[in-house]
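Novice: Protein chains in written order, with my numbering: chain A, 16 to 154; chain B, 16 to 154; chain C, 16 to 154.
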């Protein structure tokens, strides 16, 4: 049994998704762990993680449009507005999705479904550097 | 310390929930792991997992009605529509819930609360075969 | 490699958030585990967990106001109403957030971002005793 931990840093271009599946798999490969769990954790509260379809990019476009309508920027109910109209909505979007997610590891690889990708979702409208800790535990 | 991993396949009848608590517990029992974590992961992006009340079935009925209203099928904002009006809404529902969840293991069993059940939530209107990987890590 | 497991009990004052970051960190410290994963799990279906900003308390106030509007108490679509108008909305709020969450552990501490706190979110309007199981796995 072993633990392998590595940090990824991604520079985002503002509100959008970034496919990090390959970066996560590369860490699992380097860990030499064959079977176990891989946990990805974003150390921010205005960006989050999601697992969704990796085939048609319109899926992520539609998710973004859905979220923009469900959690509008500049909503008049917000008091936490000092950092701009997209700050509090980014916190809400983060809470409605995931700060951390775990994927099973088998045969030395992330056991994602055929159409599953792991995405970092930047919720602020401007670009940010986002740190993620990837932890692989197993044998 | 050990890792035990097993795949479950469930045939769903279309949009509905399936209680998988006993199947997950059976895998924990077979693992002979007394203390640790059990992770359940669904390898699809239009079905998801949830933990909710297992006593009154109206709770899951109400969750379904809530979700149908919050994430309507055939929403005019969607572009990913080729597979039908329930496809993109299924992806949104999946992102708003969980593709993977972890439950603590103690004394060789899932430490669920008295009223907690683990459910697979099929979000497509037609039945599908859904694969889930269950990973138990501990000692 | 080792597993360390401990239960926390928190008495809530009704609908509100409670910062449990320090309690979780204290368990990680007692575990003597330097590197691995810490999983927190709430054994109830009408309270949940979230990671969000720990600096400005208005963030949690705004999250509460957002959730109260998105998931109204006493919604006429609910049939599960016997325990009061806040019961079914509490189950929905729980499903839209997290019953369990995992945080990476490195150098013997939870690798939270500078502005991240771990919160228990009570969704019922009256106070309840909430049990959480904290499991630390690593080496």
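Ideal placement from N, C-alpha and C gives every residue a C-beta, glycine not left out.
(1) Determine the extent of the alpha helix (DSSP H) in which residue 41 of chain A is found, giving its start and end residues.
(2) CA-CA distance, residue 78 of chain C and residue 106 of chain A?
(3) Is the CB of residue 7 of chain B under 7 Å away from at least one CB in chain C?
(4) Would a C-beta distance cut-off of 7 Å place residue 73 of chain A and residue 21 of chain B closer than the cut-off?
(5) At what residues does the beta strand (DSSP E) containing residue 26 of chain B begin and finish?
(6) Looking only at C-alpha atoms, which of A:116, A:115 and A:91 sits nearest to residue 104 of chain A?
(7) Let me know if residue 102 of chain C comes out buried or exposed under the rule of 16 or more other beta-carbons within 10 Å of its beta-carbon.
(8) Check whether the Cβ atoms of residue 18 of chain B and residue 154 of chain A sit closer than 7 Å, and answer yes or no.
(9) Evaluate residue 108 of chain C with the Cβ neighbour count: other Cβ atoms within 10 Å of its Cβ, from every protein chain shown; 16 or more gives buried, anything less gives exposed.
(10) Nearest to residue 121 of chain C by alpha carbon, out of C:97, C:40, C:50 and C:34?
(11) Based on DSSP bridge pairs, tell me the residues matched to residue 33 of chain A.
(12) Of the choices C:68, C:29, C:52 and C:28, whose alpha-carbon is the least far from that of residue 134 of chain C?
(13) Measure the CB-CB distance between residue 117 of chain B and residue 115 of chain C and report whether it falls below 7 Å.
(14) How far does the beta strand (DSSP E) with residue 127 of chain C in it reach, from first residue to last?
(15) Could you give the residue range of the alpha helix (DSSP H) that holds residue 85 of chain C?
(16) Using a Cβ-Cβ distance under 7 Å, would residue 130 of chain B count as near chain C?
(17) Residue 27 of chain A and residue 137 of chain A look like a contact to me (Cβ under 8 Å); what is the Cβ gap, rounded to whole Å?
(18) What residues of chain B sit near residue 81 of chain A, judged by a beta carbon separation below 7 Å?
(19) Starting from residue 63 of chain C, trace the beta strand (DSSP E) both ways and give me its first and last residue.
(20) Any beta carbon from chain B within less than 7 Å of residue 18 of chain C's own beta carbon?
(21) What three-state label does DSSP hand residue 97 of chain B in the structure shown?
(22) Taking CB distances under 7 Å as the criterion, tell me whether residue 103 of chain A reaches chain C.
(23) Can you find the residues in the same chain that come closer than 8 Å, C-beta to C-beta, to residue 24 of chain A, ignoring five residues on each side of it along the sequence?
(24) So, for residue 57 of chain C: in the same chain, excluding its five sequence neighbours on each side, which residues have a beta-carbon less than 8 Å away from its beta-carbon?
(25) Would you decide whether residue 75 of chain A is buried or exposed? Buried here means 16 or more other CB atoms lie within 10 Å of its CB.
(26) Across which residues does DSSP place residue 50 of chain A in a beta bridge pair?
(27) Looking at residue 30 of chain A and residue 140 of chain A, is the spacing between their C-beta atoms short of 7 Å?
(28) Report the residues of the segment 109–128 of chain B with a CB closer than 9 Å to any CB of chain A, ordered along the chain.
(29) Note down, in chain order, each residue of its chain lying with its Cβ closer than 8 Å to the Cβ of residue 86 of chain A, except the 5 sequence neighbours on either side.
(30) Rounded to whole angstroms, what's the CA-CA distance from residue 38 of chain B to residue 93 of chain A? Just pull it up for me.
(31) To the nearest whole angstrom, what separates the beta carbons of residue 35 of chain A and residue 151 of chain A, a pair I think is in contact under 8 Å?
(32) CB-CB under 7 Å to residue 40 of chain B, same chain, minus the five flanking residues each way: which ones, in chain order?
(33) Closest to residue 32 of chain A by C-alpha separation, out of A:84, A:127, A:80 and A:54, would be which residue?
(34) With a 10 Å radius around its C-beta and 16 neighbouring C-beta atoms as the bar for buried, classify residue 132 of chain A as buried or exposed.
(35) Tell me where the alpha helix (DSSP H) around residue 109 of chain C begins and ends.
(36) Of all Cβ atoms in chain D, is any one closer than 7 Å to the Cβ of residue 95 of chain A?
Specialist: So, from the data block:
(1) 36–46
(2) 8 Å
(3) Since the first residue of chain B shown is 16 and the last is 154, residue 7 of chain B is not available in this structure.
(4) no
(5) 17–26
(6) A:91
(7) buried
(8) yes
(9) buried
(10) C:50
(11) A:135
(12) C:68
(13) yes
(14) Here residue 127 of chain C belongs to no beta strand (DSSP E), and DSSP marks it neither H nor E.
(15) 73–85
(16) yes
(17) 4 Å
(18) 92 and 107
(19) 62–68
(20) yes
(21) coil
(22) yes
(23) 144, 145, 146 and 147
(24) 63, 64, 114, 115, 135, 145, 146 and 147
(25) buried
(26) Paired residue(s): none; residue 50 of chain A is not in a bridge.
(27) yes
(28) 109, 110, 111, 113, 114, 115, 116 and 117
(29) 104, 107, 108 and 111
(30) 44 Å
(31) Their Cβ separation, rounded to whole angstroms, is 14 Å, which puts residue 35 of chain A and residue 151 of chain A out of contact at 8 Å.
(32) 124 and 125
(33) A:80
(34) buried
(35) 102–111
(36) As a matter of chain content, chain D is missing from the structure shown, whose protein chains are A, B and C.
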